[in-house]
């Protein structure tokens with residue numbers, strides 16, 4: 667008996683329940699609805715059910731692949747590659763970035779992605795920390811400055827992402843002469859607290875910003891995804907937020923030309939939002 671036809675469609679909220687079943691993890695529905703509001707992507711459908719899905723975000727000249735998953739029973743049939751090729755066609759000439767686990771690495775390599783750097787995930791229960799004097803909670807008036815600081819760190823405009831986090835989370839900022847000179851976000855995702863993004867001028871300032879965030883969630887389960895040059899790993903390990911696993915940041919296409927920047931990204935807004 668021939669296998670049923672596989673169809674592809676743009677992802678949308680009508681596929682949300684089926685996508686949650688496919689992922690098979692404890693993802694709150696509200697979190698997924700927020701993510702889909704930032705993204706475009708595709709689903710593979712067979713017999714009326716989602717058997718594969720991918721999501722990506724488009725930021726100026728950069729596309730970030732944030733989700734690629736295939737039903738366990740349908741793996742090793744090229745379905746992931748077909749979903750990714752649809753995404754890459756949509757991305758066009760943009761540089762494409764992804765954070766891959768060991769399972770996804772071979773596929774991304776075949777599609778022309780090259781390794782950028784490792785990403786280290788730390789998890790633990792937040793211990794009480796001393797709150798620095800030069801950090802404070804952001805106000806509504808800080809949104810535009812935070813978005814500009816983020817743009818200067820990443821090289822492209824992530825305002826839609828920051829806006830989504832702003833509506834559900836809390837931001838700490840560091841100021842100099844009244845101007846925002848660094849920020850860190852704290853929000854709830856998959857029933858835990860997540861710290862990130864963290865953008866600052868130095869690892870010392872990044873640590874101060876994180877200390878402010880941690881003061882607001884002592885005793886809570888927390889996750890943070892670090893870039894290797896963050897110099898924050900030893901400190902996080904010492905306060906019980908230990909490294910648990912690593913992933914690989916990859917890119918495809920011509921990289922954006924990096925310029926000398928005074929701001930740097932020290933932590934990501936979770937692996938699910940892709941590499942900055």
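Residue numbers (the numbering used here): 667 to 942. Every residue, glycine too, gets a C-beta built ideally from N, C-alpha and C. No experiment lies behind these values; they were computed from the predicted model shown.
- With contacts defined by Cβ atoms closer than 7 Å, residue 876 and residue 848 do not form a contacting pair.
- With respect to the C-alpha of residue 935, the residue from 816, 683, 755 and 793 having the closest C-alpha is 816.
- With a cutoff of 7 Å on beta-carbon distance, residue 863 and residue 872 are scored as not near each other.
- Between residue 783 and residue 915, the gap from beta carbon to beta carbon is short of 7 Å.
- Relative to residue 786, the option among 913, 941 and 687 whose CA is nearest is 913.
- DSSP lists 720 as the beta-bridge partner residues of residue 734.
- In the three-state reduction of the DSSP assignment, residue 886 falls in the coil class.
- Residue 931 and residue 716 have their C-alpha atoms spaced approximately 35 Å apart.
- Residue environment: residue 779 is assigned as buried (16 or more neighbouring CB atoms within 10 Å of its CB, all protein chains considered).
- Linking residue 791 to residue 891 through their CA atoms gives a straight-line distance of about 15 Å.
- Scanning its chain for C-beta atoms nearer than 6 Å, with the 5 sequence neighbours on each side dropped, one finds around residue 753 the residues 720 and 722, in chain order.
- Inter-segment contact for the segment 758–768 and the segment 821–839 is absent: fewer than three beta-carbon pairs are separated by less than 8 Å.
- With 16 or more other Cβ atoms inside 10 Å of its own Cβ, residue 813 counts as buried.
- Judged by their CB atoms, residue 746 and residue 736 are nearer to each other than the 7 Å cut-off.
- Counting other Cβ atoms within 10 Å of its Cβ, residue 832 reaches 16 or more and is therefore classed as buried.
- Secondary structure at residue 834: helix, using DSSP grouped into helix, strand and coil.
- Taking C-alpha positions only, residue 794 is separated from residue 881 by approximately 6 Å.
- Excluding sequence positions up to five before and after residue 846, its CB lies within less than 7 Å of the CB of 808, 811, 812, 815 and 839, all in the same chain and listed in chain order.
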